[in-house]
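> Sharing a structure with you now.
Residue numbers (the working numbering): 1006 to 2100.
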């Protein structure tokens, strides 16, 4: 029988991670691939405070322009706007801070939107022929009811003002009536064959318009696509008038008096009809057709898709329409035309018009409308035009609708930034704001929003395909642009007619941003572009005219990474490192092979730079023996060291941006020295072009995970990164893959095993899961740092992980995050005496240490497959955790949550996970975000405070939280969509207008459409579905005590809502009673002393 050493078992339990099956005291893959020495108990004595209860995932807010918009609605009393999209999304916008996103589960396109005015509700009609009623009286709107039409397709919807009945037109030409409160179909139906004349042999087409007459609510105007218009009497259930026109109708708009209406047609004409003469229109106009003599027919015009006819008491009426331009004007941009009196103004748009609405002072359709603005929804923009000024300026949009001005290629998210950063960026960005906006306040001003209690400075940075970089204030779940930087300005413009530059490696967007590295404390910014270039910027409050220093780096790899089956048995000989580029660069050899030339040309003359970010240094990789430079795959910056490092599939470069010199330019294999764990075979350099040109990896088309494996931008053969290189059953030819530098991190650490002192280091991770440590020897004094060289040398330390390395971090012996050292910001162009250039002030964070715990800290390393925590300087592997086997990690960040530290990971299979540090205990694992395309993988990033973001569509940023505390406080941070506002009183029409201006009968829709009068609709026509926000939906979705509590809460909310409405109505009745009492008392006093015959 085998004997066990009980003491060793206890030691193993002490060293292992509590509650983690993957935690272990020894890890294979140390410096030489041999298991590390046993871990001392004190190295694992870290009191961790995080628990799984601290984590929960939920969406917080969505920013940007709604992608692929389809519908628009506006509540004139609440002053909020709703936008529907092709993917079933609805964005509801009010004043800045009031921004809500809702999603239909079916993801069917939203075709129509209708606000029951001032009711705190929204009706949506989707492409699956389902109507939904949303409750907006809560911060997170929910569907109360749904009604699915089974036999007919919905083509139009209309809710009369102050009515609880919704009119629904269908493709068959029928009109149905729905009770909004119960969402039950009425038995009242207007069949198409009863609306048109019996003698008509053809079908009138789908219903394209429904509206009640401003003069008489008992009359409904029905417009059919074929050109037939019917004025239907709801009481008698018969048509009063029929109007026929031989051109298809697109829209209809009433005059407020209810005696005339206007139609827009497919031939670019507008027709005016009078109810007294139904035989023909009394006016036909072609607003954009050329005037023809001799009575010839006007030139054909494009259809007028929508027209609105709005009257004003003090001026001529406004006729506003979209489309209608002449066909002969090819290339004309989409336009909105405003006809006011005799003047015609054509507003050309940058994108096609999806929908527009005219905003008016009154919600009553039978009053002078008094239009003051037009809301225009374009395919890629949202604008509001001011109608109160003659030149029709647009309002300055307070929402971040221009995120997609150029496609977003990468993002960076910084929470809890230095508080002075946002004002500094705003002050330099405000200088470049456009002029010429309307001086009026933004008219979409509904809802309420207050600054939450938990607010801290947050900055979001987006990189774009045109080389621009935008800084956004993301504090308190809002988004406002602070500053825009154009990186293309450091390069020479290509002259017209010069053709494609000989050294360009991409045909489109040669300045596209790929990576961003930003030090908020020093305000130094470093970016990489697709043309294998790196630009370093410093922030200044003053203008400057300086020359941009340009460096060229030659990275080549003459050894192919061919790994033999004996990878773990033999060590290859040390190869001398390649030297940095020296001498004058060559351009094109006599044979025509490009060599030592960069892809872009940096401006050589002094450049005037405005205040803000000013380019200081440009580093470019050059062509090597006819092969273009490989795209940069990793980037790191440290302001305290004054160094920037970047790597690709050929090797690593380290640049001193203080002295503007290249310190290291070395092939990946050369970095190992004698510690290379893999034997390599020499091979002649390939001449094939290895760079897939353009932004193909940046495209937003869905990618098959099985075929493409989500092609991580940091590795050419991610499939081969681990499995093939570590399998002896595969031939060496199959294992051919370049080893890419995938992760870089500067920090004060122990460069070698059992070092006694901390020193500056650069940690390097590769696509084969290898971690290297490079020692940096920096001159001590500031003057020496300006002149003496920085020594850079590989330390010989090699660690191993499974999968490509993604991220590094450092944690002290108490479990706290060690921030890398940084330089405090100083203005490089100070001009005043009070702002003389200060000396460099460096801030260093040393690991927490005491006599009991000793001088050591933890290195956290995460790869595509696993995470490891090493104790330094002993290099013992304390903990290892296998994150995923079937998938791979796309993004990993070490972040602070609840005053503690954790590792957050996002996997290609959609899972979001968090692991405690240093023990790597799983805290959260949720299958939350299916990876539908490369855009999500490219833009997903975590930050401190339990927040993350990604591009949910090409035009929108979705922010999420994985913190339980923030989920609980989210309700307080969101804006209120509905605010109790009294509906404005109708204007006094006067005695004569009331007598002769319309029908004297009162119109009660309940008597006509209710079940008692109209009966029940056929069950097969439509199916009622209780929504999750209704009582029925809660009963269906919940059970047990939790369900009872939820139902009780909803019942209380509804009861409170009804009590609030009852209180409002009671107050109104009391006011009315007081007014009546006052008038009665005045009348009594007036008639008190008069005889009966004097009255």
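C-beta atoms are modelled at their ideal positions from N, C-alpha and C, and glycine is treated no differently. Bear in mind the structure is a predicted one, so any value in this text is a computation, not a measurement.
May I have a chain-ordered list of the beta strand (DSSP E) segments no shorter than 3 residues that lie completely inside the segment 1149-1173?
Listed in chain order, they are 1159-1163.
> Please report how far the alpha carbon of residue 1354 lies from the alpha carbon of residue 2008, in whole angstroms.
43 Å
> From residue 2029 to residue 1485, what distance separates their C-alpha atoms?
Going from the Cα of residue 2029 to the Cα of residue 1485 covers about 42 Å.
> Which term fits residue 1544, buried or exposed, when burial requires 16 or more other beta carbons within 10 angstroms of its beta carbon?
With 16 or more Cβ atoms within 10 Å of its Cβ, residue 1544 is classed as buried.
> Take the Cβ of residue 1744 as the centre, count every other Cβ of all protein chains shown within 10 Å, and call the residue buried at 16 or more, exposed below.
buried
> Among residues of its own chain, excluding the 5 on either side of residue 2021, which ones have a beta-carbon nearer than 6 Å to its beta-carbon?
Only 1192 meet the Cβ criterion.
> Along the chain, where does the beta strand (DSSP E) that runs through residue 1197 open and close?
No beta strand (DSSP E) contains residue 1197, which is instead part of the alpha helix (DSSP H) from 1197-1200.
> Go ahead and pull the three-state DSSP assignment for residue 1844.
Of the three classes helix, strand and coil, the one that applies to residue 1844 here is coil, per DSSP.
> Look at the alpha carbon of residue 1862 and the alpha carbon of residue 1766, and state the distance between them as a whole number of angstroms.
14 Å
> Report the three-state DSSP secondary structure of residue 1638 (helix, strand or coil).
Taken through DSSP and simplified to helix, strand or coil, residue 1638 comes out as coil.
> Whole angstroms are fine: how far does the CA of residue 1256 sit from the CA of residue 1430?
So the two alpha carbons sit approximately 47 Å from each other.
> Mind checking residue 1348: buried by the 16 CB within 10 Å criterion, or exposed?
exposed
> By Cβ distance, which residues of its chain are closer than 8 Å to residue 1391, with the 5 residues on each side in sequence left out?
Correct list, in chain order: 1377, 1378, 1397, 1398, 1399, 1400, 1443, 1445.
> Using the rule of at least 16 other Cβ atoms within 10 Å of the residue's Cβ for burial, across every protein chain shown, is residue 1207 buried or exposed?
exposed
> Please name the residue in 1810, 1790, 1892 whose C-alpha comes closest to that of residue 1845.
1790
> Compute the Euclidean distance between the alpha carbons of residue 1678 and residue 1616, then round it to the nearest angstrom.
45 Å
> When you compare the segment 1773-1790 with the segment 1801-1821, are there three or more beta-carbon pairs, one atom per stretch, that lie closer than 8 Å?
yes
> Does any residue of chain B have a CB that is nearer than 8 Å to the CB of residue 1291?
Any reference to chain B falls outside this structure, which holds one protein chain only.
> What are the boundary residues of the beta strand (DSSP E) that includes residue 1881?
DSSP places residue 1881 inside the beta strand (DSSP E), whose first and last residues are 1881-1887.
> On a Cα-Cα basis, can you pick out the residue from 1316, 1350, 1770 that is closest to residue 1366?
1316
> Check the C-beta distance from residue 1648 over to residue 1751 and give it rounded, since I have them as a contact under 8 Å.
So it is a contact: roughly 7 Å between Cβ atoms.
> Taking just the CA atoms, how far does residue 1079 sit from residue 2082?
38 Å
> Between which residues of its own chain and residue 1934 is the CB-CB distance below 6 Å, once the five residues before and five after are set aside?
1915
> For residue 1205, tell me which candidate among 1224, 1231, 1186 has the shortest Cα-Cα distance.
1231
> Any chance you could list the alpha helix (DSSP H) runs of at least 4 consecutive residues sitting entirely within the segment 1945-1988, in chain order?
1969-1978
> Can you check which of these residues, 1909, 2075, 2027, is closest to residue 1135 by C-alpha distance?
2027
> Report all residues from its chain with a CB closer than 6 Å to the CB of residue 1295; omit the five preceding and five following residues, and keep chain order.
1304
> Comparing alpha-carbon positions, which option in 1760, 1819, 1607, 1825 lies nearest residue 1644?
Answer by Cα proximity: 1825.
> Span of the beta strand (DSSP E) holding residue 2027?
2027-2031
> Taking C-alpha atoms, which residue in 1641, 1469, 1489, 1058 lies nearest to residue 1004?
Here the chain has residues from 1006 to 2100 only, and residue 1004 is not among them.
> For residue 1181, write down the residues that DSSP places opposite it in a beta bridge.
Partner(s): 1173, 1194.
> In or out: residue 1796 buried (at least 16 other Cβ within 10 Å) or exposed?
exposed
> Any contact of the segment 1279-1288 with the segment 1317-1331, i.e. 3+ C-beta pairs under 8 Å?
With a cut-off of 8 Å, the segment 1317-1331 and the segment 1279-1288 do not count as touching, because too few Cβ pairs lie within range.
> Is residue 1497 buried or exposed, if buried means 16 or more other CB atoms sit within 10 Å of its CB?
exposed
> Between the beta-carbon of residue 1535 and the beta-carbon of residue 1514, is there less than 8 Å?
yes
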